Amino acid sequence: MDTQPADKVRMNYRSPLAKVLGHGSAKEGSAHWWWQRLTALALIPLTLWFTYSLARLSGPCMEEIYAWFASPITSTMLIAFIVSLFYHTQLGIQVVLEDYVRHEGLKIFSILAVKAFSAILVILSTISILQASLG
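Under my numbering, read the sequence shown as residues 1073 to 1207, first letter to last.
The structure is reproduced here in structure tokens:
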């Protein structure tokens, strides 16, 4: 329903979607979308490698596990797996928060908390992998 008088015409160049949402384009949705797809693609071979590598370990023998970690290829692949996994997870959770959390302050806080938590987990995981691989 139009609340303006018929004799006053106001020009508005916003798209219908922007009018509904109340603001224009954020211009970062496509980059977010691409990163989510790229990390998903990277996770396919990394997950297959990780699953295969764990299946090849004969049991809970710590010497064998440390020998597995000592390989530079294993350490590099594990770090790539961890970074891709946590970044992909953070991107996915961010989409859910943006779509379903209505309170703007809580939404921003939640997104920042997820990003910080993901970064902390990546750093701690990388340090742990490097400590195990370097001895």
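Where is the CB? At the ideal position from N, CA and C, for every residue including glycine. Small disclaimer: the values here were computed from a predicted structure and weren't measured.
Legend entry - Proximity test, Cβ basis, 8 Å: W1106 and chain C: The structure shown contains no chain C; it holds only a single protein chain.
Inset, instruction - Check whether the segment 1146-1154 touches the segment 1101-1112, counting contact only when three or more Cβ pairs, one atom from each stretch, lie closer than 8 Å. - result: no
Inset, instruction - Count the C-beta pairs between the segment 1128-1142 and the segment 1161-1179 that are closer than 8 Å, then say yes if the count reaches three, no if not. - result: no
Inset, instruction - Taking 8 Å as the cut-off, decide whether the C-beta atoms of F1141 and A1204 are in contact. - result: yes
Legend entry - Residues near T1198 by beta carbon distance below 7 Å, same chain, minus five either side: Take T1198, set aside five residues on each side of it, and the residues of its chain with a beta-carbon closer than 7 Å to its own are I1151, I1154, in chain order.
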